[in-house]
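Going down the list, the protein sequences come from chains G and H.
With numbering that gives the first Met the number 0, the residue at position 378 of the first sequence is 377, and numbering never jumps.
With numbering that gives the first Met the number 0, the residue at position 21 of the second sequence is 20, and numbering never jumps.
Just so you know, even glycine gets a beta-carbon here, dropped at the ideal spot from N, CA and C.
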Amino acid sequence: MVQADNLVEMRGIVKMFPGVLANDKVDFELRRGEIHALLGENGAGKSTLMSVLAGLYKPEAGTIFVDGKPADFNSPKDAIAMGLGMIHQHFTLINSHTVTENILLGLDDPRFLMRLHRYDKKMETLGEKFGLQVTPAAKIWQLSVGEQQRVEILKMLYRGVRVLIMDEPTSVLAPQEIEELFKTLRSMTVDGRSIVFISHKLNEVMSIADRITVLRQGKVTAAGIPTATTSKSELANLMVGRKVLFQLDKTAKEPGDVVLELRDVSSLNDKGLPALRNVNLKVRSGEIVGVAGVAGNGQTELGQVVTGLRRCTAGKILVNGEDVTNKPARVPIDSGVAHVPEDRTHVGTAPNLTITDNVIMKSYREPPLAKGSSLDHVAARERAEQLKDEYTILAPTVDTQVRMLSGGNLQRVILARELSTQPVLLVAMQPTRGLDVGAIEGVQRLLLKQREAGAAILLVSEELEEVFTLSDRIAVMYEGEIVGDGVEADAQKVGLLMTGGKKSSLEGTAS
Amino acid sequence: MMSNEAVKQTPPRRFQLPLQIRVEPRLEVPRWLSPVVSLGAIIVALLIGALILAIVGGNPFQAYAHIAKAAFGSLGVLSDTLVKATPLILTGLACAVAFRMKLWNIGAEGQFYMGALGASVVVLTGIVPEEASRFVTVGAMLIAGVVFGALWGFIPGWLKARMKVNEIITTLMLNYIAISLTNYFIFGVWSEGGFQMSHTFQRSAWLPRLSDYAEQAPILRGLTTHFGLVFALVAAVIVGYVLYRSIWGYEIRLIGDNPRAAEYAGINITRNTVLVMMFSGALAGLGGMSEIGGVVHRLQAAISPGYGFTGIIIAWLAKLNPIVVVPVAVLFGGLILAGREIQPAGIPRLIQGIILFMLIASDVLLRYRIRIVRRAERV
């Protein structure tokens, strides 16, 4: 029923993609001035539902009511005209333009003469009103991810949206930035704006949302329950449909010999700026060393130098005592370094090749797959079938192109390939990013199994909780430096280090 | 505010057809689909061609019958078709190899000329003495043609791998250099009595033709198909092995699909770029060698009516499958031959163009499934 305080209502929304029913008769209500969390695993249909509301998708069935009147959106522009705006997980900003230019992009207002400095003022005032500090004349590429997100929010506020939909807004932020974002969001609801907060992180949802709607496999499992009346475990249950154990059984283990050693390693990033500064790090066999840090503080480059994908400008990298510094990527592979890359689609897999072709990427050079100069396709297929079963890769056949696979299955293809070689060192970059609760558990189990088997594991993750539960030792990176090695698993302390706070005062105790 | 009853109803719908066409991406492409779709595309192309022929006042059936007869109608013309197909197979293979790795070698034309030049150098400078046996002479020409072609592939390959120079530009420009270079030799060095051609090669430098064996088997009389066809077929098998069965072929496919993944897998992209461009150039160079050894028997201007460029089209039509390159090249050889029969430029070129369009367009059917569904089924 349409209620007066419902700003938006969605009724019986059905959205289908080939072979997938993304939204199955979903109802959703959003009240004026509330923060409403949309919770669910990856692929539960959260983003799809909100993309329908933002005019990006047309539903197969169902109706949207805004202010009690049915609305029909043909494009995001229609939705914005009705006051509904969405901020996507991947920002839609133009890097070489300024903040002001990005906010004005697509609007009719400055028609011919730009006179941007006038608008700069406007942006500044708007930003101050909501506690979103930005430099209007700054170019997007000069901004941090957090600042870029502020620009996205301003873009929507400038267009006068009443409903702000945020798709996984915290996935790119540091703990402190998340706090700031939450403050901003709360201040926005004061004058009647509503916020839809899409997330799969229970902690955040519990701390920010007024009400929660949970989706599972395209269906609503809880509709607008007040946050105060529920608990984390209940929500997890609603999300996954079974009890989730937040406890992994990790046995105590004495680490063995040093497998990976970095000595004063420095390196540049893609822009030619220093990315790693005199990094010293040791990983022993049977030990998981977790590297925490806000994205873009050198973790990516750290993984790349160790796996031979990026040159070091100084320093030495030793694997089992063997110098692999600036050797071609082949050398670390041959000395038993496995790599679960950060970017699954652009680095970790060849999208148009089959599962078979993808699982043999590291082992095709050696027998039994290689026979002289020929590749044994029968053996390759057998290997793929076996890994498909062992790692429960869900796909019709091993001839399926991997671009057809979901994120979780794609990660299983990569893990199957990397872990089946019994590595001496595993470099796991963001191994659970974007995966749902069930899949995360599976990946973490596999990592612990490798640790049992005596592999040295370098784990880079932005999920503090993951670093805390899995690691035997925690290191923190900030601006290309290891600012803490062997840090306590304390969110407060690690969070401070991650943002460069109190670096000097903590350094004494850490080293 | 609306009444409760109104809310329960869906809003009024616009008029809609009871049937609806839906386009869905295919998750899996059945093996039989690709050849069936290609065949269908060719048939549709011929129908469109027939329509155009009818519009301009021709009799499509007669025209097609004539084209078929002129290209494949008798042993004699079939043999001529195969002569035309031989260089096309080799340039088609050259392009297919490079395109597999997403190296856009459009320099098969120049590499073809360089192969011809290389073979000529061996004969005309007396590196191989005139009295040498055919086996030795042809063998030397073969090696020289392949090496010259490979060299012409090495240059853009190295520039691309080391200097990140766009290979489309370099291969295109090297075409003109190769043609001018051959012209220099034709006009300046080996010109025979001022004509723009070298003297005819000695008989031992001619590739054997079917007609050479007419004394033993009279049926072969006048058949011009030469040994170059064997080179082309062997090359197709070798390329097929390399791409589908060898370790190197796997690396080529991987680099072609995702160079960053290939790098991550420890594959040396620089080396492979150079090698693949050399392989591609060698195949085109072999085409040039076979053309002057088997057909022209001398170095002269305009030995290629654009075989190198037609090779690009053939490679695409064959979906970069080296074995399929062979029949496609034969089809094109036939169209070139029949073209001269009925019209110097118009209709056969037109049909070639329509076939190309249809085959490229038909790719959609491989990637998507088109379904007609009833509206009622949808929800």
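Alpha carbon of K270/G to alpha carbon of L469/G, nearest angstrom: One-based indexing of the first sequence puts residue 270/G at position 271. One-based indexing of the first sequence puts residue 469/G at position 470. Between K270/G and L469/G, the C-alpha separation is close to 33 Å.
Whole-angstrom C-beta distance between L52/G and A83/G, which should lie under 8 Å: Here residue 83/G is taken as the residue at index 84 of the first sequence, counted from 1. Here residue 52/G is taken as the residue at index 53 of the first sequence, counted from 1. The question names Ala, but residue 83/G is Leu in the sequence shown. About 6 Å separates the two Cβ atoms, so the contact holds.
Residues, ordered as in the chain, of the region 332-355 of chain G that lie near chain H by beta-carbon distance below 9 Å: Of all residues in the region 332-355 of chain G, I332, D333, H338, P340, D342, T344, H345, V346, G347, T348, A349, P350, N351 and L352 have a Cβ within less than 9 Å of some Cβ in chain H.
Close-in-space but distant-in-sequence residues of the same chain around A349/G (CB under 8 Å, 5 per side omitted): Sequence index remark: in the first sequence, residue 349/G carries index 350 (1-based). For A349/G, where only same-chain residues beyond five positions count, the Cβ hits under 8 Å are D356, N357, M360 and V401.
Local conformation of V327/H per DSSP, three classes: To locate residue 327/H, count along the second sequence from 1; it is residue 328. It is helical.
Contacts around E376/H, its chain only, beta-carbon distance under 6 Å, and the 5 residues preceding and following it disregarded: In the second sequence, counting from the first residue as 1, residue 376/H sits at position 377. With a pLDDT of 45 at E376/H, under the threshold of 50, the modelled position of this residue cannot be trusted; read the value that follows with caution. Excluding residues within five positions, none has a Cβ falling inside 6 Å.
Contacts that Y363/G makes with chain H (C-beta to C-beta distance below 7 Å): Taking the first sequence and counting its residues from 1, the one referred to as residue 363/G is at position 364. Simply I246 and Y249.
Contact list for A378/G against chain H, beta-carbon separation under 9 Å: Position 379 of the first sequence holds residue 378/G. Going along chain H, no residue has its Cβ under 9 Å from A378/G, so there is no contact; the nearest lies around 13 Å.
D52/G at chain H interface by Cβ criterion, 8 Å: Position 53 of the first sequence, counted from the first residue, corresponds to residue 52/G. It is Leu, not Asp, that sits at residue 52/G in the sequence shown. It does not: the Cβ of L52/G has no partner Cβ on chain H nearer than 8 Å.
Proximity to V145/H [Cα-Cα], best of G305/H, A131/H and V120/H: In the second sequence, the residue the question calls residue 145/H occupies position 146. Of G305/H, A131/H and V120/H, the smallest CA-CA separation from V145/H is found for V120/H.
Beta-carbon spacing of I251/H, M100/H below 8 Å: The residue you call residue 251/H lines up with position 252 of the second sequence. The residue you call residue 100/H lines up with position 101 of the second sequence. I251/H is a Cβ neighbour of M100/H, given a cutoff of 8 Å.
Sequence-distant residues of its chain with Cβ nearer than 8 Å to R215/G (five each side left out): As a working note, residue 215/G is residue 216 in the first sequence. The answer, listed in chain order, is G39, E40, A43, L237, M238, V239 and G240.
Residue from L29/G, A369/G, G255/G and T250/G whose Cα sits closest to the Cα of T212/G: Residue mapping note: residue 212/G aligns to position 213 of the first sequence, counting from 1. The shortest C-alpha separation from T212/G is found at L29/G.
Contacts that A328/G makes with chain H (C-beta to C-beta distance below 7 Å): Walking along the first sequence from the start, residue 328/G turns up at place 329. Taking a Cβ-Cβ cut-off of 7 Å, the neighbours of A328/G in chain H comprise E262, Y263 and G265, given in sequence order.
Contacts of L253/H in chain G (Cβ-Cβ under 8 Å): Counted from its first residue, the second sequence places residue 253/H at position 254. Identification of chain G residues near L253/H by a Cβ-Cβ cut-off of 8 Å yields A349, L352, D356 and M360, ordered along the chain.
CA-to-CA distance, V55/H to D71/G, given in whole angstroms: The residue given as residue 71/G occupies position 72 in the first sequence. The residue given as residue 55/H occupies position 56 in the second sequence. Between the C-alpha atoms of D71/G and V55/H there is a straight-line separation of about 50 Å.
Of the residues I152/G, L115/G, P395/G and L48/G, the one placed nearest I86/G, counting alpha carbons only: Here residue 86/G is taken as the residue at index 87 of the first sequence, counted from 1. Looking at the Cα atoms, I152/G is the closest of the given residues.
Contact the region 65-78 of chain H vs the region 234-242 of chain H: 3+ CB pairs below 8 Å: Touching, no.
Exposure label - A36/G; buried when at least 16 CB within 10 Å: For the purposes of this step, residue 36/G is taken as the residue at position 37 of the first sequence. Buried, by the Cβ-count rule.
Which of helix, strand or coil DSSP assigns to N277/G: Residue 277/G sits at position 278 when you count from the first residue of the first sequence. Three-state result, N277/G: strand.
Chain H residues whose Cβ lies nearer than 8 Å to that of L308/G: By 1-based counting over the first sequence, the position of residue 308/G is 309. Chain H residues near L308/G: E262 and Y263.
Euclidean distance between Cα positions of A213/H and T85/H: To locate residue 213/H, count along the second sequence from 1; it is residue 214. To locate residue 85/H, count along the second sequence from 1; it is residue 86. Looking at the two C-alpha atoms, the distance is approximately 21 Å.
A234/H and L285/H closer than 8 Å at C-beta: Start at 1 with the first residue of the second sequence, and residue 234/H comes out as number 235. Start at 1 with the first residue of the second sequence, and residue 285/H comes out as number 286. The answer is yes: Cβ separation under 8 Å.
Whole-angstrom distance between S78/H and L336/H, CA atom to CA atom: The sequence position of residue 336/H within the second sequence is 337, counting from 1. The sequence position of residue 78/H within the second sequence is 79, counting from 1. Approximately 11 Å between the Cα atoms of the pair.
Distance, L142/G Cα to S95/G Cα: Mapped onto the first sequence, residue 95/G falls at position 96. Mapped onto the first sequence, residue 142/G falls at position 143. Our two residues, S95/G and L142/G, have alpha carbons roughly 11 Å apart in a direct line.
Reference H89/G, options A394/G, M165/G and V423/G, closest by Cα: Counting from one through the first sequence, the residue named residue 89/G turns up at place 90. Taking each of A394/G, M165/G and V423/G in turn and checking the Cα distance to H89/G, the smallest one comes out for M165/G.
Length of the line joining the Cα atoms of P207/H and A118/H: Here residue 207/H refers to the residue found at position 208 of the second sequence. Here residue 118/H refers to the residue found at position 119 of the second sequence. When rounded, the distance between both Cα atoms is 16 Å.
DSSP three-state assignment for Q201/H, whether helix, strand or coil: Position 202 of the second sequence holds residue 201/H. In this structure, DSSP gives Q201/H a state outside helix and strand, which the three-state scheme calls coil.
Beta-bridge pairing of M85/G - partner residues as DSSP gives them: Position 86 of the first sequence holds residue 85/G. Its beta-bridge partners are I164/G.
Within chain G, partners of R259/H - CB distance below 7 Å: Against the second sequence, residue 259/H aligns to sequence position 260. Chain-order list of chain G residues neighbouring R259/H: H345 and V346, by C-beta distance under 7 Å.
Where T250/G falls: helix, strand or coil (DSSP): Within the first sequence, the letter at position 251 stands for residue 250/G. Look at T250/G here: in three-state DSSP terms it is coil, with no helix or strand label.
CA-to-CA distance, N268/G to L425/G, given in whole angstroms: As a working note, residue 425/G is residue 426 in the first sequence. As a working note, residue 268/G is residue 269 in the first sequence. In a straight line, the C-alpha of L425/G is about 22 Å away from that of N268/G.
A177/H to E108/H span [Cα, whole Å]: Within the second sequence, residue 177/H is the residue found at index 178, counting from 1. Within the second sequence, residue 108/H is the residue found at index 109, counting from 1. Each residue's Cα considered, the two are about 9 Å apart.
Beta bridge counterpart(s) of Q400/G as assigned by DSSP: On the first sequence, position 401 is the one that residue 400/G refers to. Per DSSP, T353/G.
Inter-residue Cα distance where the pair is A40/H and W140/G: On the second sequence, residue 40/H is found 41 positions in, with the first residue counted as 1. On the first sequence, residue 140/G is found 141 positions in, with the first residue counted as 1. Distance between A40/H and W140/G, taken at the CA atoms: about 48 Å.
Coarse secondary structure for L209/H, derived from DSSP in three states: Position 210 of the second sequence, counted from the first residue, corresponds to residue 209/H. Of the three classes helix, strand and coil, the one that applies to L209/H here is helix, per DSSP.
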